[in-house]
Amino acid sequence: MRILVLGGGPAGLYFAYLMRREGLAREVCVAERNPRDATYGFGVVFSDTAMSYLEEGDEASFHALTAASETWDDLTIVHNDTRVPIDGNGFSAISRLQLLEMLQGFCDTAGVEMQYGRDLTEVPDGRTFDLIVGADGANSLVRSQMREAFGASVRELDNRFIWYGTAQVFDTLSLTFRGNGDGAFVAHHYRYRPDHSTFIVECDAATWEKSGLEQMSADASRAYCERVFAADLGGHPLETNNSFWRRFPVITNERWSHDNTVLIGDALRTIHFSIGSGTRLAMEDAIALFRAFRDHGPEVSDALAAFETARRPVVEKLLDAAAGSYGWYGRFSEFMHLTPLAFAHSYMTRTGRVSDDRLAKIAPRFMTAYTDEQNQLNETAGGDAPASRELRNT
Ligand SMILES: Cc1cc2nc3c(=O)[nH]c(=O)nc-3n(C[C@H](O)[C@H](O)[C@H](O)COP(=O)(O)OP(=O)(O)OC[C@H]3O[C@@H](n4cnc5c(N)ncnc54)[C@H](O)[C@@H]3O)c2cc1C
């Protein structure tokens, strides 16, 4: 079998490697527009669940990944100046560049043909390959060229976000929510190297407008964010790397393949960064597509049908959770008046998929603190604590 993979991001590289490693394809070529050592972004975060899925996919790359990762057990919600630790939420993180280098090395060893600096402007004729994989990211050429065949849709969320890095290091994955005279901001930040962290800043449309960020230069908007999060950055500046304010594109496709062309990773669908990294999902897609060929190939149409049948329910569940999550982020400024514990509870239950019972099992220390506070507030308020009453009304 001859395969062309468009895009040498995590999805394309991992799929190419797995197919060659198992000898499922005679020839796998990855066409990537960037040079080998170019990348954007800072770190990539994986939950413990995601790591165990990657371990099942390929032990060698899993071990290389864990050896190079930063890990921690808890999550921290910072509500203005109050820190709320949430136990039982283990994560790992790695630099995006290091992850790509690792996957490139695996591809080299497995005999994948890598073509860097090849910027495709047209998807090659499907008859020249047995399989064409569109792993070309959120602005996928493959998807846009076959928009109707895939039933593609792209919708932008109202919130604005920007991806920064910083030399400030953080103990855990943290979500820091801070209000100012313009509205409210949240930073999603975590350490991905012993000396470096990812720092994503997000705000709603009203805050974006009132703050005047739209009219500011890149330097002025970075300085503005440094002021908002001065207490968290410990004097370290925010660093840019192809960083610009954007609206998150929610991408979906009614059909995942057309003839012998299939989409994976961000080209197929994006998952809001508030429920896990797109990288993790991109790599899970690669594993699922590889397994479909291993178990249902070599007939391409059978494998592509098996891929969609097995993976779609998993992805749709995550898309549902993501919709609950970005819906909450669109309104988080309305919840800022809650107590820090009640705010953290609202955050933890934002997807609608985590009940109090489940939270008590996952994060017993947090739930005990939250319940104690609610009981105390209830006693003081004669049975209807302000925090819980306001939460129920939202
Ligand atoms: C600015 C920005 C920063 C980000 N930073 C992070 C981060 O720090 N951590 C994180 O977890 N996630 C980050 N993400 C999200 C993350 O990059 C994706 O969710 C994840 O990489 C998806 O993997 P992928 O392989 O599907 O796509 P991508 O990683 O986007 O890879 C697609 C590849 O295809 C190539 N390509 C596209 N079109 C063509 C073409 N026509 N011809 C040839 N090559 C082409 C691109 O150059 C790219 O290398 C970031 C996203 C953006 C937009």
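So in this note's numbering, spot 243 of the sequence shown is number 1217, and the numbers just go up one at a time.
Ideal Cβ placement from N, Cα and C applies to all residues, glycine included.
Since this is a predicted model, take the numbers as computed values, not measurements.
With DSSP as the reference, identify every bridge partner of residue i, one or two as the case may be.
i     : result
G1139 : T1172 and E1213
F1159 : R1152 and C1177
L1147 : L1049
Y1164 : T1172
G916  : This structure leaves residue 916 out entirely; the chain is present only between 975 and 1368.
C1081 : Looking at the DSSP assignment, C1081 forms no beta bridge with any residue, so it has no partner.
F1069 : Per the sequence presented here, residue 1069 reads as Ser, with Phe not at that position. Beta-bridge pairing links S1069 to G1017.
E1044 : A1067
T1056 : H1053
Along the chain, where does the beta strand (DSSP E) that runs through residue i open and close?
i     : result
S1336 : For the sequence presented, residue 1336 should be read as Ile rather than Ser. Premise fails: I1336 lies in the alpha helix (DSSP H), D1330 to I1336, not in any beta strand (DSSP E).
A985  : Not the beta strand (DSSP E): A985 falls in the alpha helix (DSSP H), residues P984 to R995.
M1088 : E1087 to Y1090
V1052 : L1049 to H1053
T1325 : Run containing T1325: none; DSSP gives neither H nor E here.
E1006 : E1001 to E1006
D1286 : What sits at residue 1286 in the sequence shown is Arg, not Asp. Note, R1286: premise wrong, no beta strand (DSSP E); alpha helix (DSSP H) at V1274 to Y1303.
L978  : R976 to L980
How far does the alpha helix (DSSP H) with residue i in it extend, from its first residue to its last?
i     : result
S1320 : P1314 to M1322
E921  : In the structure as shown, the chain starts at 975 and stops at 1368, and residue 921 therefore has no counterpart that could be examined.
Taking 8 Å as the threshold (beta carbon to beta carbon), is residue i in contact with chain D?
i     : result
F1159 : The chain inventory of the structure shown lacks chain D, comprising one protein chain alone.
Taking 7 Å as the cut-off, is the CB of residue i close to at least one heavy atom of ligand 3?
i     : result
G1108 : Judged by which ligands are present, ligand 3 is missing from the structure shown, whose ligands are ligand 1.
With three or more C-beta pairs closer than 8 Å as the rule, is the stretch 1019 to 1039 touching the stretch 1106 to 1116?
no
Any contact between the stretch 1180 to 1190 and the stretch 1027 to 1039? By contact I mean 3 or more CB pairs, one from each, below 8 Å.
no
Runs of beta strand (DSSP E) wholly within the stretch 1094 to 1142 (minimum 3 residues, chain order)
1105 to 1108, 1126 to 1130 and 1134 to 1140
Which complete alpha helix (DSSP H) runs does the stretch 1193 to 1261 hold, if anything under 4 residues is left out?
1204 to 1207
Inter-stretch contact at 8 Å, needing at least 3 Cβ pairs: the stretch 1141 to 1156 / the stretch 1301 to 1316:
yes
Across the stretch 1122 to 1135 and the stretch 997 to 1013, are there enough close Cβ pairs to call them in contact, namely three or more that are closer than 8 Å?
no
Measuring CB atoms only, is the stretch 1260 to 1269 touching the stretch 976 to 990, in the sense that at least three cross pairs come out at less than 8 Å?
yes
Could you tell me whether the stretch 1240 to 1248 touches the stretch 1288 to 1302, where touching means 3 or more Cβ pairs closer than 8 Å?
yes
Determine contact between the stretch 1277 to 1284 and the stretch 1229 to 1240, defined as no fewer than three beta-carbon pairs at a distance below 8 Å.
yes
Say whether the stretch 1046 to 1064 touches the stretch 1327 to 1346, bearing in mind that this needs 3 or more beta-carbon pairs closer than 8 Å, one atom from each stretch.
yes
Are the stretch 1321 to 1328 and the stretch 1195 to 1209 touching by the rule of at least three beta carbon pairs closer than 8 Å?
no
Using 8 Å as the threshold, is the stretch 975 to 983 in touch with the stretch 1092 to 1105, meaning 3 or more CB pairs across them?
yes
Assess contact between the stretch 994 to 1007 and the stretch 1267 to 1278, defined as three or more Cβ pairs (one per stretch) separated by less than 8 Å. Is contact present?
yes
On the three-pair Cβ rule with 8 Å, is the stretch 1077 to 1084 touching the stretch 1198 to 1209?
no
If we count Cβ pairs, one from each stretch, closer than 8 Å, do we get three or more for the stretch 1296 to 1307 versus the stretch 1246 to 1256?
yes
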